[in-house]
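What follows is one structure encoded as structure tokens, with my remarks underneath.
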Amino acid sequence: MPATILYSTQSDINILTEWINDQPNLMWIVCTDISKDSIKFKFEDRVSSISQGTHSIWIKGQPLTVIVRIEDNQSVEKQVTENDHWEVNGLDLSQIYEFQIRPWTDVTCTEVITLDFYDLGCEKEGSLARSCLSWLGNHYKSIGYPASDEANRTWGRLKRFIKKNTVMEKWSGPINCFYFPDAFLQKESGRPIDKNSFNLSISPNHDIDQYSNWFQKYSD
């Protein structure tokens, strides 16, 4: 599964956010409301900023199949397009940490890019967290679920943008990582760098009331 390791501060991430905003074939999947047993989503062409956490970006072209309910351990799916709103319910969201603001899709979905963005690290005091862009790619091509040409082209453009606007360094073995300008400056000035961890303590946790407070604070 293709992934790109990033280091970005809160000010840096605006560089990437604006690039995504300007792509005519990309839309943000935005959480609009949350309660103890349901969560609502919609598509947005642009966002003014993003907070630390997990974000989903839809590659337009084909309807997106999303899971809207779990019944008797079976998922109920729905196809959505850019003007649709949808709700996921029938879940105990307080027990599902990874939900955050990420919609549920089929395991073979190749039309969503995931951005995990964190500035505040946790491995050392004051450290810079690791961020990541990931995409399913052609992981399931061998069983009949290849990525579309549009998705392949979009991931390629995104990688070229990252390389052009960051400083590349070795991360581990053959794997590279990419520092946006302020992140690189802070690293060079002595800020410790997290190797592996996302700082999940700054994201919503299992306390749904705390999650709701967090959502209200950071939503546009």
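Residue numbering for the sequence shown follows the working numbering, beginning at 1 and increasing consecutively. Ideal Cβ positions, reconstructed from N, Cα and C, are used throughout, including at glycine. Since this is a predicted model, take the numbers as computed values, not measurements.
Legend entry - Outcome for Phe99 when other beta-carbon atoms lying within 10 angstroms are tallied against a minimum of 16: In this prediction, Phe99 scores a pLDDT of 42, lower than 50, which makes its location untrustworthy; no coordinate-derived value is stated.
Inset, instruction - Compare the beta carbon distance of Glu18 and Gln62 with 8 Å and say whether it is the shorter of the two. - result: At the C-beta level, Glu18 and Gln62 stay beyond 8 Å of one another.
Legend entry - Extent of the continuous alpha helix (DSSP H) run through Glu71: Counting along the chain, Glu71 sits inside no alpha helix (DSSP H); it lies in the beta strand (DSSP E) bounded by residues 64–71.
Inset, instruction - Work out the CA separation of Leu133 and Thr154 for me, nearest whole Å. - result: It is roughly 13 Å from the alpha-carbon of Thr154 to the alpha-carbon of Leu133.
Legend entry - Per-residue DSSP class, three states only, for Phe180: Coil at Phe180, not helix or strand.
Inset, instruction - Please report how far the alpha carbon of Trp135 lies from the alpha carbon of Leu115, in whole angstroms. - result: Going by C-alpha positions, Trp135 is about 9 Å away from Leu115.
Inset, instruction - Identify whether Thr154 lies in helix, strand or coil by the three-state DSSP scheme. - result: Looking at Thr154 - three-state DSSP - the assignment turns out to be helix.
Legend entry - Host beta strand (DSSP E) of Thr114 (start-end): Unbroken beta strand (DSSP E) run through Thr114: 112–117.
Inset, instruction - Could you work out which residue in Ile193, Asn152, Arg157, Gly156 is closest to Glu169 when comparing CA atoms only? - result: For the residues Ile193, Asn152, Arg157, Gly156, the minimum Cα distance to Glu169 belongs to Ile193.
Legend entry - Local Cβ density within 10 Å of Ala151, reported as buried at 16 or more and exposed below that: Classification for Ala151: buried.
Legend entry - Alpha carbon of Lys42 to alpha carbon of Asn14, nearest angstrom: Rounded to whole angstroms, Lys42 to Asn14 spans 21 Å at the Cα level.
Legend entry - beta strand (DSSP E) runs contained entirely in the segment 26–68, provided each spans 3 or more residues: Considered as a whole, the segment 26–68 harbours 26–34, 38–44, 53–59 as its complete beta strand (DSSP E) runs of no fewer than 3 residues, in chain order.
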